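A quick write-up on the structure given underneath.
Put into structure tokens, the structure is as follows:
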């Protein structure tokens, strides 16, 4: 699986809404997994500073070298996440990107992309499944397809 939109739709992912509109979308409150995609174009030119919130006084900004080490040219999926309540988790994610001090440290690298308006989110409900297990399987499949996780997953393992 290459993690293209047609493949993800065939796998049950729906939504594909701008992340900034998640509050007004039809995103469910059930558990599930989600993909954040980016179609901001190439070549990539990361912002020097993150627009993300400073949670517990910590700056979410990472170095340009770290961002480039994690970047995968031509791959739209930039983050794979899980949620016990999709709507709540995705709202937190969007709030963090709006600069609020929200505890959504995972995925923080996307907030240094040059055009955050190009971020879209798709989700898949996972009834009867444990979201963290589904997320792990998706990240493993992504790593198998692309040699490393999406740019904003596992940032402590920069470029690995």
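In the working numbering, the protein residues as written are 438 to 597.
Backbone N, C-alpha and C fix where the C-beta goes; we use that ideal spot for every residue, glycine too.
Since we're looking at a predicted model, the values are computed, not measured.
Bounding residues of the alpha helix (DSSP H) (the contiguous stretch that carries residue i)
| i | result |
| --- | --- |
| residue 523 | 523-534 |
| residue 506 | 501-507 |
| residue 444 | 442-447 |
Residue i and residue j closer than 8 Å at C-beta
| i | j | result |
| --- | --- | --- |
| residue 539 | residue 529 | yes |
| residue 473 | residue 576 | no |
| residue 579 | residue 586 | yes |
| residue 551 | residue 468 | no |
| residue 531 | residue 457 | yes |
| residue 491 | residue 588 | no |
| residue 479 | residue 439 | no |
| residue 464 | residue 505 | no |
Residue i, DSSP secondary structure in three states
| i | result |
| --- | --- |
| residue 459 | helix |
| residue 452 | strand |
| residue 486 | coil |
| residue 548 | helix |
| residue 579 | helix |
| residue 567 | coil |
| residue 470 | strand |
| residue 590 | coil |
Expected contact under 8 Å - CB spacing of residue i and residue j to nearest Å
| i | j | result |
| --- | --- | --- |
| residue 560 | residue 451 | 7 Å |
| residue 557 | residue 455 | 6 Å |
First and last residue of the uninterrupted beta strand (DSSP E) at residue i
| i | result |
| --- | --- |
| residue 562 | 556-562 |
| residue 520 | 514-520 |
query: Any chance the stretch 496-506 sits against the stretch 442-453, with 3 or more Cβ pairs inside 8 Å?
result: Too few Cβ pairs lie closer than 8 Å, so no.
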